[in-house]
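Chains as they are written, first to last, in this note's numbering: chain E, 1273 to 1514; chain R, 60 to 277; chain U, 918 to 1156.
Ideal Cβ placement from N, Cα and C applies to all residues, glycine included.
So the structure is just underneath, and the comments pick up after that.
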Amino acid sequence: MIVLENVQTSYGRTQVLRGCTATIKLGEVVVVCGPSGSGKSTLIKCINGLVPIDHGTITVDGVPVADKRTDLPKLRTRIGMVFQNFELYPHMTALQNVSLAQIHVLKRSRAEADARSEHLLTRVGLSSKLASRPEQLSGGQQQRVSIARALAMDPKAMLFDEPTSALDPEMVNEVLEVMQALALDGMTMMVVTHEMGFAKRVAERVLFMDGGEILEDVPKAQFFAAPSTERARQFLDKVLSH
Amino acid sequence: MSDFDWSVIARSWSFLAEGMALSALLVAVATAGGLVFGFGLALMRRSRYAVIAALATAYVTVMRTVPLILVLFWFYFLVPLVIGRPVGSLASALIAFVLFEAAFYCEIVRSAIASVRPGQTEAALATGLRPSQVMRHIVMPQGLRAMTPLLLNQIIIVFQDTSLVYVVALRDFMTTASVVASRDGRPTEMYTLVAVVYLAICFSLSKVVERYGKGQRQ
Amino acid sequence: MNYNWDWGTLLREPYLGWLWSGLGWTVLVSLGSWAIALAVGITAGVARSMHSRFIPQVAGVYIQVFRNIPPLVQLFLWYFVFPEVAPESVGLWIKRDLPNPEYITAIVGIGLFSGARVAEQVRAGVAAVGIHLMPAALATGLRPLQAFRLILLPLGLRAIFGPLTSEFLITVKLSSISLTIGMLELTAQSRHIENYTFHGLEAFAVATAVYLLIGLAVTALMRAIDRHFGAARFKRAQP
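As structure tokens, then:
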């Protein structure tokens, strides 16, 4: 479904990704973890073309992302993305947030889009908040709206960039539950996160990144039991000790 | 003090009102046209093509460094030359004002666009919206909100700037007052009136802007 | 477009001389009015920031009145109206004995308008610094006036170096309005040349280039000064 081959990219003079290769199959749930600055967020943002790559290839559902002839906006409808800071549009209600792209990209009618948005918002547990604006919602609620917004495009895969890092601890679970339900429904997911509990419960594979490289790419059980690299071991020690 | 004849104001009332109407016209056209061109200039400055961005930046830099009076002289001289026949001072002045103020409105629009978090653009692009759609539905609505106090302030400045059409003898409020002043020999009365009127209008407008700014911050 | 370009005209006397003298007057008017603007503006801005009942209000009136009347109108008020409404002896002195009346009127008129704008910048700069540092200064036992004099004012003034540079460039542009009372500065001279030779495009182009050069020179100079003395040296310490 998503194929990365020797992906390299730099920001100014700093090389952020130094040749990453990985494959995510349809229906897989993959967790990407690693210390800050390892390039995890950048990797995710390269997959839907938000960050350009210098070398290598990324293929989504058979379509090369970095090819000049690729219609990037059209490709992006096939991958949903959830951001660390939710990024809901503050001048619109929850319903409007979820409907906007349906109307202007998928060309659905307003009625059709709103009906679908209502269904999705109910699915994430926010049926009573359709007319609320982001400022009236808690962080956890906002993130659930943003998940609904991504699902509204009927994506084949979902990318999550540290979805719970900006949330107060009490709200982390409500979001993780929604994500777990999505995984159980068979959604292909790539999740950058520090939530190791989620990784243990829901993920099938774990990618460990450090210094712009993928150091580990193993089934989750193997990662948690006996990671092969020293840096991964150090990381796990620090993360699991609290 | 007894030498002053304040009734000259009453006598020239309709003449002065015509002048004020012209001032209002200048402000309206300069703002409307300036905003449209300014928005275009802002987009040009953000263009991927270095040449387009450089051209727009050069234009804005020139218009912001050169005095308005010189710009008025430029267009007063240039417009008839380009069109090939004599053109009234109003047309030249309107063109000059629109092109001059466009540089300032460009900077206002740019700062408005920059004030919107880049994450908003990323999130919108991630749902498959095209850059033009992102600008229309996500960036500009938020930017407009940020831009309104700056916009209103600029309108007050434009209103003050229109008094400079005096140098091309265009009959706005200031020029009509000066015509009466020299024709009837009453400079004190007329210029005092002009000062009071501008003060009243600009002061009230700036208070409106202040109140709007406070309302936004709640 | 039918136009005979002739740049050579500008290099011929008397036109070249006119341009130089115009530039000279532009520089003199700009500097003169900026000196007044700084003196009056900083005083008014400081006065406006003080914690007393009377002084800030007076400064406030000056700022509001002189900001909201267009500079051209203010110039005419000083040139035409002031001599008439001033006390007899003052009025007579102005009309008869004042040396270089156009110049003095120009720098007073432009200076007081710019001064009001400078005052606003000073007030804003001091306030921005004060929000963070006043509580800290008071906590160490300094009195409000001491804190103001020792901390807020020096830092506030340095913080507004950039905005003040913009105000100076605006003042340079404003020097052109003095042509309405007969001051033969650069813009006036370029129009003068246009009237005599009909080669307006060349004359205006040269004037434009000169203003651009002044703008670039001032910006570069201010940036250099700022690097040595300005707020760049006191970047807020990262917590």
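Select from the options the residue whose C-alpha is nearest the C-alpha of residue i.
i                : options                            : result
M1353 of chain E : E:R1473, E:T1394, E:K1510, E:A1424 : E:A1424
L1367 of chain E : E:L1347, E:R1341, E:V1396, E:V1288 : E:V1396
A259 of chain R  : U:P1080, U:L945, U:F983            : U:F983
E1111 of chain U : R:F136, R:G97, R:E181              : R:F136
M206 of chain R  : R:L75, R:A80, R:L264, R:L94        : R:L94
V1511 of chain E : E:Q1356, E:L1276, E:I1325, E:C1305 : E:C1305
F1078 of chain U : U:R1066, U:M1139, U:L1130, U:I1068 : U:M1139
G1309 of chain E : E:V1490, E:E1488, E:M1481          : E:M1481
V957 of chain U  : U:L1118, U:P1052, U:I980           : U:I980
V1218 of chain E : E:F1470, E:N1445, E:K1346          : Because chain E in this structure spans residues 1273 to 1514, residue 1218 of chain E falls outside the shown range and cannot be described.
P1491 of chain E : E:R1477, E:E1502, E:R1503          : E:R1477
V119 of chain R  : R:I128, R:F132, R:M233, R:G99      : R:G99
L994 of chain U  : U:F1085, U:V1046, U:T1097          : U:T1097
T1286 of chain E : E:S1400, E:G1321, E:D1326, E:D1343 : E:D1326
R1034 of chain U : U:G1117, U:L1050, U:Y1128, U:G977  : U:G977
For residue i, I'd like the list of residues in its chain whose CB is within less than 7 Å of its CB, leaving aside the five on either flank, ordered along the chain.
i                : result
M1459 of chain E : M1430
R1505 of chain E : P1499
F63 of chain R   : T247, E248
T1088 of chain U : S947, S950, W951, A954, I1027, S1031
P126 of chain R  : none
Q277 of chain R  : Because Q277 of chain R carries a pLDDT of 46, less than 50, the predicted location of this residue cannot be relied on, and the following value inherits that uncertainty. The answer is none, since no qualifying residue turns up.
M60 of chain R   : Interpretation of M60 of chain R is limited by its pLDDT of 47, a score under 50 that renders its predicted location unreliable; the figure taken from the coordinates is listed afterwards. Nothing listed; no residue qualifies.
State the beta-bridge partners of residue i as determined by DSSP.
i                : result
A1488 of chain E : Contrary to the premise, residue 1488 of chain E reads as Glu rather than Ala in this sequence. Note: E1488 of chain E sits in a beta bridge opposite E:F1480.
I1330 of chain E : E:L1276
F1432 of chain E : E:V1354, E:V1463
T1281 of chain E : E:L1289
I'd like the list of long-range same chain contacts for residue i, defined as Cβ closer than 8 Å, with 5 residues on each side in sequence excluded.
i                : result
A150 of chain R  : V138
G1099 of chain U : E1019
D1386 of chain E : L1367, S1371
V1288 of chain E : T1281, S1282, G1311, T1314, G1484
F1055 of chain U : Just to set this straight, residue 1055 of chain U is Leu in the shown sequence, not Phe. Only P1061, A1064 meet the Cβ criterion.
K1428 of chain E : M1273, L1298, D1333, R1350, I1351, T1460
S938 of chain U  : L1101, Q1106
V193 of chain R  : T180, A183, L184
G949 of chain U  : Y1020, A1023, I1024, G1028
L114 of chain R  : M103
L1439 of chain E : G1411, G1412, Q1415, V1447
R270 of chain R  : none
F134 of chain R  : S151, A152, I154, A155, L158
Does the distance from the CB of residue i to the CB of residue j come in under 8 Å?
i                : j                : result
L1103 of chain U : A1124 of chain U : yes
I1419 of chain E : T1293 of chain E : no
L188 of chain R  : V1337 of chain E : no
I1027 of chain U : S1092 of chain U : yes
V998 of chain U  : T251 of chain R  : yes
G1412 of chain E : M1451 of chain E : no
F163 of chain R  : Q213 of chain R  : yes
G78 of chain R   : T235 of chain R  : yes
V217 of chain R  : A152 of chain R  : no
G97 of chain R   : A161 of chain R  : yes
H1391 of chain E : Q201 of chain R  : no
P1000 of chain U : G1008 of chain U : yes
V962 of chain U  : A1045 of chain U : For clarity, residue 962 of chain U is Gly in the given sequence; the question names Val instead. Contact: no.
V168 of chain R  : A109 of chain R  : no
Leaving out five residues on either side along the sequence, give the residues of the same chain with a beta carbon under 6 Å from the beta carbon of residue i.
i                : result
R1153 of chain U : Any answer about R1153 of chain U is weak, because its pLDDT of 48 lies below 50 and its placement is not dependable; what the coordinates show is given next. Contacts found: none.
Q1155 of chain U : Summary for Q1155 of chain U: the model assigns pLDDT 43, below 50, so the residue's position carries little reliability; its value from the coordinates is reported in the next sentence. If we look at Q1155 of chain U and ignore the five residues flanking it on each side, it has no Cβ neighbours.
V1463 of chain E : V1303, F1432
F1355 of chain E : D1433
R1380 of chain E : Q1374
L211 of chain R  : V268
I111 of chain R  : M103
R1405 of chain E : T1365
What are the complete alpha helix (DSSP H) segments, minimum 4 residues, inside the stretch 1070-1109 of chain U? 1070-1076, 1078-1091
Go through the stretch 1334-1358 of chain E residue by residue and report every complete run of the beta strand (DSSP E) that reaches 3 residues or more, in order. 1351-1354
Whole runs of the alpha helix (DSSP H) within the stretch 967-1018 of chain U, excluding any shorter than 4 residues: 972-985, 988-993, 999-1002, 1005-1013
Output the residue ranges of the beta strand (DSSP E) runs that lie fully inside the stretch 1286-1321 of chain E and measure 3 residues or longer, sorted by chain position. 1286-1296, 1301-1305
Every unbroken alpha helix (DSSP H) within the stretch 109-146 of chain R, with a cutoff of 4 residues, ordered by chain: 109-124, 127-142
Return the chain-ordered ranges of every alpha helix (DSSP H) run that is complete within the stretch 1374-1444 of chain E and spans a minimum of 4 residues. 1382-1395, 1411-1423
3 or more residues per run - each beta strand (DSSP E) lying fully within the stretch 246-277 of chain R: none
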